[in-house]
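In this note's numbering, the protein residues as written are 300 to 637.
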């Protein structure tokens with residue numbers, strides 16, 4: 300695909316152009332369209348994977364699971380998104396609701412697309428090894444792996460926002476001010492520097508002399524051989540002729556820094572970060588990991604509430620089951636039964 304022709308698939312853009320996605324979220328450029336595309340793609344992918352889960356029981360269970368799996372992720376997002384947004388506000392971050400929603404939707408889109416990519420493998424084991432316990436654990440592992448990869452994208456996006464000062468604006472501004480004080484832009488080095496400037500005399504700028512071709516081995520007029528003079532003394536820089544009454548100045552070749560002048564530091568050249576140096580993590584990044592755990596607990600409990608997704612072949616079809624036990628106890632019980 301050509302570089303100037305964007306892909307119609309939002310997941311391909313997320314995977315190929317992560318930097319562009321993060322920059323769009325930082326600039327809040329057309330986030331409504333981006334979020335809408337991710338929402339539609341996630342719902343379709345999760346519906347397809349839900350149909351695979353329910354196909355173990357019956358076609359009717361496949362249809363209901365295709366409806367409930369997208370509902371599981373979207374309701375979990377609706378429950379946990381206000382917490383993420385308020386966490387950022389409390390600790391001084393400048394994330395908007397649209398930016399927070401777009402970041403989480405990137406994670407959900409990656410999760411759903413990776414899950415539907417595993418659908419052929421799930422179908423293969425459904426046909427060749429139709430064991431209910433094994434099939435359930437296999438798909439729980441697939442969804443867990445897909446969610447971990449998606450949440451990895453979420454942490455990467457939050458780190459980019461932190462680099463732009465949206466998570467810890469005060470700390471970033473303080474570091475920028477400190478850097479500006481240390482690395483003050485140096486003044487332009489004059490082409491000619493007085494050889495022996497007098498305190499009261501102001502230096503006179505002299506136009507840079509045009510280079511003159513000199514034969515190899517020849518010494519220009521008015522200059523001595525490099526390194527020594529006739530009596531063995533160190534050679535001094537050539538002195539440019541000045542009008543009468545003006546101090547003599549020493550002419551330096553272009554690019555040469557005169558003695559006493561340090562290297563020119565540009566304001567955009569930041570010093571490299573050495574390995575092993577402690578870096579300060581903003582509070583919003585720490586709270587993000589706490590929020591991820593909260594998102595996982597809410598999602599698993601909601602999945603237990605919306606079950607069945609697979610459908611026990613020993614029971615009749617039902618849209619919901621009674622709420623007894625919990626998700627983790629059921630997983631442990633399934634592992635023990637294997």
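Each residue gets a CB set at the ideal place from its N, CA and C atoms; glycine is no exception.
Quick check: what's the CA-CA separation for residue i versus residue j?
i           : j           : result
residue 435 : residue 610 : 10 Å
residue 380 : residue 398 : 11 Å
residue 356 : residue 612 : 6 Å
residue 446 : residue 409 : 8 Å
residue 326 : residue 620 : 45 Å
residue 586 : residue 374 : 21 Å
residue 300 : residue 316 : Annotation note: pLDDT 42 at residue 300 (below 50); position unreliable, no value reported.
residue 432 : residue 388 : 44 Å
residue 345 : residue 360 : 15 Å
residue 602 : residue 595 : 10 Å
residue 443 : residue 630 : 13 Å
residue 589 : residue 456 : 16 Å
residue 454 : residue 423 : 33 Å
residue 385 : residue 628 : 32 Å
residue 624 : residue 362 : 25 Å
residue 637 : residue 329 : 50 Å
residue 382 : residue 584 : 14 Å
Would you grab the beta carbon distance between residue i and residue j for me? Rounded to a whole angstrom, and I think it's under 8 Å.
i           : j           : result
residue 600 : residue 616 : Wrong, their Cβ atoms sit about 23 Å apart, outside the cutoff.
residue 449 : residue 407 : 6 Å
residue 371 : residue 593 : Going by Cβ atoms, the distance from residue 371 to residue 593 rounds to 16 Å, so no, they are not a contact pair.
residue 396 : residue 313 : Not really, about 20 Å apart at Cβ, beyond 8 Å.
residue 401 : residue 324 : 5 Å
Give the single residue among the options whose Cα lies nearest to the Cα of residue i.
i           : options            : result
residue 411 : 334, 347, 423      : 347
residue 342 : 369, 429, 329, 328 : 369
residue 352 : 425, 338, 382      : 425
residue 350 : 624, 608, 634      : 608
residue 634 : 430, 597, 589      : 430
residue 339 : 365, 309, 367      : 309
residue 334 : 614, 428, 403      : 403
When the cut-off is 9 Å and only beta carbons count, does residue i lie next to chain B?
i           : result
residue 375 : Here chain B cannot be found, since the structure has a single protein chain.
Q: Check whether the stretch 382–394 touches the stretch 447–467, counting contact only when three or more Cβ pairs, one atom from each stretch, lie closer than 8 Å.
A: Yes: at least three Cβ pairs fall under 8 Å.
Q) Looking at C-beta atoms only, is the number of pairs between the stretch 415–427 and the stretch 313–324 that lie closer than 8 Å three or more? A) Contact between the stretch 415–427 and the stretch 313–324 is absent: fewer than three C-beta pairs spanning the two stretches fall below 8 Å.
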